[in-house]
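Okay, so here's the structure we're looking at.
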Amino acid sequence: MWYAILLISGYGRAEYATNRPAVRGRLENGTPVTPVLIIIDVQRGFINPATAHVPARVDALQGRYGTVIVTRFVNPEGSAHRRLIGWTRFAPGSDDTALAFTPRMGVRVVEKCAYSCLTAEVRAMLDAAGAGEVHLCGIATDNCVLASAIALFEGGYTPVVLADACASHAGADYHDWGLRILRRLIGVTQVRQGTP
3 MWYAILLISG YGRAEYATNR PAVRGRLENG TPVTPVLIII DVQRGFINPA
53 TAHVPARVDA LQGRYGTVIV TRFVNPEGSA HRRLIGWTRF APGSDDTALA
103 FTPRMGVRVV EKCAYSCLTA EVRAMLDAAG AGEVHLCGIA TDNCVLASAI
153 ALFEGGYTPV VLADACASHA GADYHDWGLR ILRRLIGVTQ VRQGTP
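Taking the numbering used here, I'd label the letters of the sequence shown as residues 3 to 198.
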């Protein structure tokens with residue numbers, strides 16, 4: 003079992019103390035801890051020339067991880083995306099929401115209607131796996147991957163963004179900007195090029 007404590011210093015900064023296992027450390031029972039892979043929103047509606055390379059890359063990554071979680075974005079009636087920005091694509095059950103790759107056998111697909119993947123269900127899955135380090139890939143670098151990495155960082159996990167397996171459906175500039183922001187917010191060494 004892990005715990006996190008939020009400490010507020012005299013200068014108003016939040017600091018975290020945690021006993022969450024280190025990425026390649028061991029759980030209390032001696033079991034080795036390995037990174038968990040989260041594949042974020044690799045769906046037909048997000049595939050265009052800027053993102054066309056992502057399905058093959060995430061498909062190849064699946065076999066390298068013991069625990070893989072896949073998220074699927076849906077945009078139901080009443081969502082903030084519909085109410086605040088007038089974006090109506092990705093209605094539940096639409097072709098937009100279909101995955102653009104085939105998850106390996108036994109992988110759980112978690113639906114979400116927010117940018118971040120860190121839902122209560124995903125958090126429970128990460129904790130059950132003893133996750134310390136969480137590798138992220140998918141679409142879009144500048145929104146759902148970014149929001150997920152920040153939520154994991156603030157939630158006491160160690161997010162690692164696999165840059166070569168991410169893209170933005172808004173284009174390469176948005177992908178690059180997303181990576182720049184991620185390096186600033188979660189750390190330069192947490193954004194990695196190449197194969198893990």
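We treat Cβ as the ideally placed atom computed from N, Cα and C, and that holds for glycine.
In its chain, beyond the 5 residues on either side, Ala169 have a beta carbon closer than 8 Å to the beta carbon of His55. Beta-carbon to beta-carbon, Ala93 and Ile49 are separated by about 17 Å, too far to satisfy the 8 Å threshold. By the CB criterion at 7 Å, Cys119 and Ile42 fall inside the cutoff. Per the C-alpha coordinates, the member of His177, Arg46, Glu123 and Thr197 positioned closest to His137 is Thr197. DSSP links Thr104 through a beta bridge to no other residue. Within the model, the alpha-carbon separation for Val193 versus Arg182 is close to 9 Å.
The continuous alpha helix (DSSP H) containing Val60 extends over residues Val56 to Leu63. In terms of CA proximity to Gln195, Val163 leads the group Val163, His177, Gln45 and Arg46. In the same chain as Arg106, and ignoring 5 residues on each side of it, the C-beta atoms closer than 8 Å to its own belong to Gln64, Gly65 and Val70, in chain order. Nearest to Glu135 by alpha-carbon distance, out of Pro57, Arg125, Ile141 and Ala142, is Arg125. The secondary-structure analysis by DSSP pairs Val38 across a beta bridge with Thr69 and Val136.
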